[in-house]
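Its first residue numbered 2, the sequence shown is counted upward by one per residue in the numbering used here. Yeah, the Cβ is synthetic: ideal placement off N, Cα and C, and Gly gets one too.
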Amino acid sequence: MRHANKLLPLILLGFSVLSVQAQDDELLKHSRAVSQSMLKELGQKLQSAMADGGAVNAIGVCNTQAPEIAGRVSSQNQVKLSRVGTRARNPVMGVPNDWQAKALAQFDAALARGDKPADIEFSETVETANGKEFHFAKPIVLQPMCVSCHGSTEQISPEVKAKLHELYPDDKAVGYQPGQLRGAVVLSRSAP
Ligand code: HEC
2 MRHANKLLPL
12 ILLGFSVLSV
22 QAQDDELLKH
32 SRAVSQSMLK
42 ELGQKLQSAM
52 ADGGAVNAIG
62 VCNTQAPEIA
72 GRVSSQNQVK
82 LSRVGTRARN
92 PVMGVPNDWQ
102 AKALAQFDAA
112 LARGDKPADI
122 EFSETVETAN
132 GKEFHFAKPI
142 VLQPMCVSCH
152 GSTEQISPEV
162 KAKLHELYPD
172 DKAVGYQPGQ
182 LRGAVVLSRS
192 AP
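In structure tokens:
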């Protein structure tokens, strides 16, 4: 039993490492679920608006509903959730900050290596002046249905171009092709 004294601190250390790990797993799982539910709701709204009245009609979904859904899901879950772009359309919400730009760079490299978008994600916990903060991001890859608003000049109709130009005079989110990294869903929250 002489060794027990020496082992106890090690065992306790082991438990605290395990519990930090468990907390991180919980944060990760929760962040994945919250991000997924926002993208799903937005995707469904976008698809039905496109089916109802085409891309011109659907711009409203992205313009007003995307921030609205993100805001609602954020306050329901006490997180900050939004979407950013590799080249932004929305000059306020869509521009990545430092950690989000780092995540996008990692996603770009992972896609270039051939990783599947579903398998790629970013997470980190950082110390800030207000305590610990947890960051999570998941890539958003362009789908064929997105080109009518984010594709090449020929793929975007004159009506859509005019409306986009009116709402986003400094729009940079065009010229994408399916499979390319369009941006990320990003989440941050305080961590225990
Ligand atoms: C009907 C036009 C339209 C379609 C179709 C569309 N988008 Fe967008 N997208 C927009 C608009 C408008 C914004 C700006 C929203 C805002 O102001 O927050 C935007 C913003 C974004 C952003 C946020 C970053 C930024 O640039 O501001 C991402 C990411 C994005 N779109 C991805 C996609 C993907 C992926 C698809 C296909 C599944 C898609 N979009 C389809 C119009 C569209």
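Selected residue, minimal CA-CA separation from residue 70, among 37, 172, 108 and 117: 37
task: Report, in whole angstroms, the separation of the C-beta atoms of residue 192 and residue 28, which I expect to be a contact under 8 Å.
output: 6 Å
query: For residue 68, is the beta carbon positioned less than 7 Å from some heavy atom of the ligand HEC?
result: yes
- prompt: Three or more C-beta pairs closer than 8 Å, one from the segment 64–83 and one from the segment 175–183: is that the case here?
  reply: no
- prompt: Hey, would you say the C-beta of residue 98 is under 7 Å away from at least one heavy atom of the ligand HEC?
  reply: no
message: Would the segment 153–170 count as touching the segment 115–127 if we require 3 or more Cβ pairs under 8 Å?
response: no
Residue from 94, 60, 80 and 113 whose Cα sits closest to the Cα of residue 148: 60
- prompt: Is any beta-carbon of chain D found at less than 8 Å from that of residue 148?
  reply: Judged by its chain identifiers, the structure shown contains no chain D, having just a single protein chain.
task: Would you list the one or two residues that DSSP bridges to residue 82?
output: 188
- prompt: So who's on the other strand from residue 125, going by DSSP bridges?
  reply: 136
- prompt: Buried or exposed: residue 90, going by 16 or more other Cβ atoms within 10 Å of its Cβ?
  reply: buried
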